[in-house]
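Colleague: Chains A and B, in that order, are what the protein sequence lines are. Numbered as in our numbering, the first sequence ends at 256 without a single skipped number. Numbered as in our numbering, the second sequence ends at 514 without a single skipped number. Beta carbons: idealized from backbone N, C-alpha and C, even for Gly. These numbers were taken from a predicted model, which means no experiment stands behind them.
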Amino acid sequence: MTELYNYRDLIVALVARDLKVRYKRSAIGFVWTMLQPLLMMLVFEIVFSSVFRFKMEVGNYAVYALSGVLFWNFFSQSIVASMNSLRGNAGLLKKLPVPREVFPLATVISGVLNLVFALIPLFLILVVTRHPLTPALLFLPVAIFLAALFTLGAGLLLSPLAVFFSDTVELVGVLLTALMYLTPVIYPKEIVPEKYLWIVRYNPLRSILETFRDPIHQGEIPPLSHLSVCAAIAVAVFILGAWVFRKTSDRIPFYI
Amino acid sequence: MNETSISIEGVSLCYRLAKQRIPSLKEYAIHFLRGSLSYEQLWALRDISLTVRRGETIGIVGRNGAGKSSLLKVISRVLKPTQGRAEVTGRLAPILELGTGFDYELTGIENIYLNALLLGHSRREIDSKMEEIIDFSGLGDFVRSPIRNYSSGMLARLGFSVATAWVPDVLILDEVLAVGDASFTDKCEQRIARFHDAGSTVLLVSHNTKAISDNCTRCIWLDAGQLRADGETEKVLDLYLHAGTDPDQRAGGQLHLS
């Protein structure tokens, strides 16, 4: 921990570089981050709301789907980037005694910042669609913190594995796609048939997702019973990830 | 000046190489189920014990694959030894390669920041040394252009200038004086001598025996992962150079099958 603190300026620099690369790549840069969710919402509105008629179950479907997708993008992109963060710095990890957890950590932090930037167009949509803005929105920092803790745990768990076995990245890619359909990201959970409902109910990601989405879409903070489960999941995954990373990180330079 | 700076006790380092290359989870699962997982063990270091006092400048010689770089990596805390203990007192400046982590799209100045941050310095420390680093590198206005335009000599200058901007307790140099022109090599050697005067411990790996005998009072000869000799530079170099003509000498570590 103290070692990580000594490298705080490095973490800041890695995050800054990550954001710079992301926004420099396209001609309109930062504007694109704003535009992308808006275009995505347009697609959801047309395909799901009008074609599949999800509107009935969830009220403001655009807000429901968009907040779900923003969360999902944060989670899946951070996981994949964490796995690549160690492999991408192979040369460095073999030559310098840098604390190895710096790389997945910086990746998740820049993912959080991207999520925060993407909230701007989301709020724009809230205003345009006359969605009620409630004090529950003030709960979002806590929700994002829990989501980040969960994601960092998963990233710490998977990134050493990606070093030891290079097909981990592909395997996790497939699993993430499957997981997205098992989580009510873009569909309302009310449409899930009774006999499959347990999948949704025991899916830990659903819990994290709803803690983030409920304040935006329902305008209310999730009940304490839900929150404590969500916090317990996030903390447990984080501890598991940190433990596995610690156990395996000394082997990383040998395999990278 | 009798404090211990580096203490190495019974250090062995083993690279476990899968006999069949198993780079994927799928193959790992198949081999695991068949019970056919087996590894070749390459012992890069075998039972090395060594004590270095503060302020010593030590040269390390040996053939390719003798374990010189592995030893430096263990001391630098990049690799954890399979057996034994390696302890270093004080601030470490490991230069196992010049310009590790350079980003070729960034400018010289941006890379000075990145490189120094990777070495564990804070932004404030870097700011206060920036001018001196640029000065020492002798790169002038080039520091403002992306380093992809640099020659390899210029990259080496930049890398060395950053890595040695702070006086370390232990300086580790792996064959880094070979690059760069004569005047810069001179400058580097002067800086190392100054570190020595300031009480830094220096470990120097080089195939250039002149560089070793010029700079080091003590020398270590590694052969096939083992400590062959440790003592006065002239004597050890003499032993090493004469053994070099022996055709029975093997290159590389000892390969043991398990």
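(1) How many Å lie between Leu35 of chain A and Ala118 of chain A at the Cα?
(2) Can you give me the C-alpha to C-alpha distance between Pro193 of chain A and Gln218 of chain A, rounded to a whole angstrom?
(3) Measure the C-alpha to C-alpha separation of Leu427 of chain B and Leu348 of chain B and round it to an integer number of angstroms.
(4) Helix, strand or coil: which one does DSSP assign to Tyr295 of chain B?
(5) Compare the C-alpha of Gly318 of chain B against each of B:Leu373, B:Ser408 and B:Asn464 and name the closest.
(6) Name the chain B residues whose beta carbon is nearer than 7 Å to that of Tyr7 of chain A?
(7) For the region 414-430 of chain B, enumerate the residues whose C-beta is nearer than 7 Å to any C-beta of chain A, in chain order.
(8) Can we say the region 313-332 of chain B touches the region 354-362 of chain B, given the rule of at least three CB pairs closer than 8 Å?
(9) Kindly list, in the order they appear in chain B, the residues whose Cβ is closer than 8 Å to that of Lys247 of chain A.
(10) Measure the C-alpha to C-alpha separation of Leu38 of chain A and Lys94 of chain A and round it to an integer number of angstroms.
(11) Which residues, in order along the region 132-144 of chain A, keep a beta-carbon less than 9 Å from a beta-carbon of chain B?
(12) What whole-angstrom Cβ distance do Thr151 of chain A and Ile79 of chain A have, given they're in contact under 8 Å?
(13) DSSP has Ala349 of chain B in a bridge; who is on the other side?
(14) Cβ atoms of Pro424 of chain B and Ser456 of chain B: under 8 Å apart, would you say?
(15) Given this structure, state the Cα-to-Cα distance separating Tyr64 of chain A from Phe71 of chain A, to the nearest angstrom.
(16) Exposed or buried, which one is Tyr61 of chain A when buried takes at least 16 other CB atoms within 10 Å?
(17) Determine the DSSP secondary structure at Ala342 of chain B, reduced to helix, strand or coil.
(18) Hey, how far is the Cα of Val458 of chain B from the Cα of Asp479 of chain B?
(19) According to DSSP, simplified to helix, strand and coil, what is Pro135 of chain A?
(20) Exposed or buried, what is Trp198 of chain A when buried is set at 16 or more other beta-carbons lying within 10 Å of its beta-carbon?
(21) Which partner residues of Glu488 of chain B appear in the DSSP bridge assignment?
(22) Measure from the alpha carbon of Phe103 of chain A to the alpha carbon of each residue in A:Leu115, A:Ile186, A:Phe145 and A:Asn89, then state which is nearest.
(23) Any Cβ of chain A within less than 8 Å of the Cβ of Tyr360 of chain B?
(24) Hey, is Ala148 of chain A's beta-carbon within less than 8 Å of any beta-carbon in chain B?
(25) Is Glu312 of chain B closer than 8 Å to Arg474 of chain B when the C-beta atoms are compared?
(26) For Tyr64 of chain A, write down the residues that DSSP places opposite it in a beta bridge.
(27) What distance in whole Å lies between the Cβ atoms of Ala148 of chain A and Val108 of chain A, which are believed to be in contact at a cut-off of 8 Å?
Modeller: In terms of the structure at hand:
(1) Against the first sequence, residue 35 of chain A aligns to sequence position 35. Against the first sequence, residue 118 of chain A aligns to sequence position 118. Those two C-alpha atoms are separated by around 9 Å.
(2) The count along the first sequence starts at 1 and reaches residue 193 of chain A at position 193. The count along the first sequence starts at 1 and reaches residue 218 of chain A at position 218. Rounded to the nearest angstrom, the two C-alpha atoms are 23 Å apart.
(3) For this step, residue 427 of chain B is matched to residue 171 along the second sequence. For this step, residue 348 of chain B is matched to residue 92 along the second sequence. Rounded to the nearest angstrom, the two C-alpha atoms are 6 Å apart.
(4) Taking the first residue of the second sequence as position 1, residue 295 of chain B is located at position 39. If DSSP states are grouped into helix, strand and coil, Tyr295 of chain B belongs with the strands.
(5) Within the second sequence, residue 318 of chain B is the residue found at index 62, counting from 1. Comparing Cα positions, the closest option is B:Asn464.
(6) Along the first sequence, read from residue 1 onward, the residue named residue 7 of chain A stands at position 7. Simply Gly376.
(7) Answer set for the region 414-430 of chain B: empty.
(8) no
(9) Here the question's residue 247 of chain A lines up with position 247 in the first sequence. The premise fails here: Lys247 of chain A is roughly 12 Å from chain B at the closest Cβ pair, so nothing lies under 8 Å.
(10) Numbered from 1 along the first sequence, position 38 holds the residue referred to as residue 38 of chain A. Numbered from 1 along the first sequence, position 94 holds the residue referred to as residue 94 of chain A. Leu38 of chain A and Lys94 of chain A: Cα-Cα distance of roughly 43 Å.
(11) none
(12) Your numbering for residue 151 of chain A matches position 151 in the first sequence. Your numbering for residue 79 of chain A matches position 79 in the first sequence. Yes, they are in contact, since the Cβ atoms of Thr151 of chain A and Ile79 of chain A sit about 7 Å apart, within 8 Å.
(13) To locate residue 349 of chain B, count along the second sequence from 1; it is residue 93. For Ala349 of chain B, which the question treats as bridged, DSSP gives the partners B:Leu427.
(14) In the second sequence, residue 456 of chain B corresponds to position 200, counting from 1. In the second sequence, residue 424 of chain B corresponds to position 168, counting from 1. Yes, these two residues count as a Cβ contact at 8 Å.
(15) Position 64 of the first sequence holds residue 64 of chain A. Position 71 of the first sequence holds residue 71 of chain A. For Tyr64 of chain A and Phe71 of chain A, the distance between alpha carbons rounds to 11 Å.
(16) Taking the first sequence and counting its residues from 1, the one referred to as residue 61 of chain A is at position 61. By the 10 Å Cβ count, Tyr61 of chain A comes out buried.
(17) Taking the second sequence and counting its residues from 1, one reaches residue 342 of chain B at position 86. Three-state DSSP puts Ala342 of chain B in a strand.
(18) Stepping through the second sequence from its first residue, residue 458 of chain B is reached at position 202. Stepping through the second sequence from its first residue, residue 479 of chain B is reached at position 223. Taking the straight line from one Cα to the other gives about 21 Å.
(19) Here the question's residue 135 of chain A lines up with position 135 in the first sequence. Pro135 of chain A falls in the helix class under three-state DSSP.
(20) Looking up residue 198 of chain A in the first sequence gives position 198. Result: exposed.
(21) Against the second sequence, residue 488 of chain B aligns to sequence position 232. Bridge partners of Glu488 of chain B: B:Arg474.
(22) Locating residue 103 of chain A in the first sequence gives position 103, counting from the first residue. Ranking the options by Cα distance to Phe103 of chain A, first place goes to A:Asn89.
(23) The sequence position of residue 360 of chain B within the second sequence is 104, counting from 1. So, not an interface residue.
(24) Stepping through the first sequence from its first residue, residue 148 of chain A is reached at position 148. No, Ala148 of chain A does not count as interfacial toward chain B.
(25) Sequence index remark: in the second sequence, residue 474 of chain B carries index 218 (1-based). Sequence index remark: in the second sequence, residue 312 of chain B carries index 56 (1-based). Contact: yes.
(26) Sequence index remark: in the first sequence, residue 64 of chain A carries index 64 (1-based). Its beta-bridge partners do not exist; DSSP assigns none.
(27) Residue numbering aside, residue 108 of chain A sits at position 108 when the first sequence is read from its first letter. Residue numbering aside, residue 148 of chain A sits at position 148 when the first sequence is read from its first letter. So it is a contact: roughly 6 Å between Cβ atoms.
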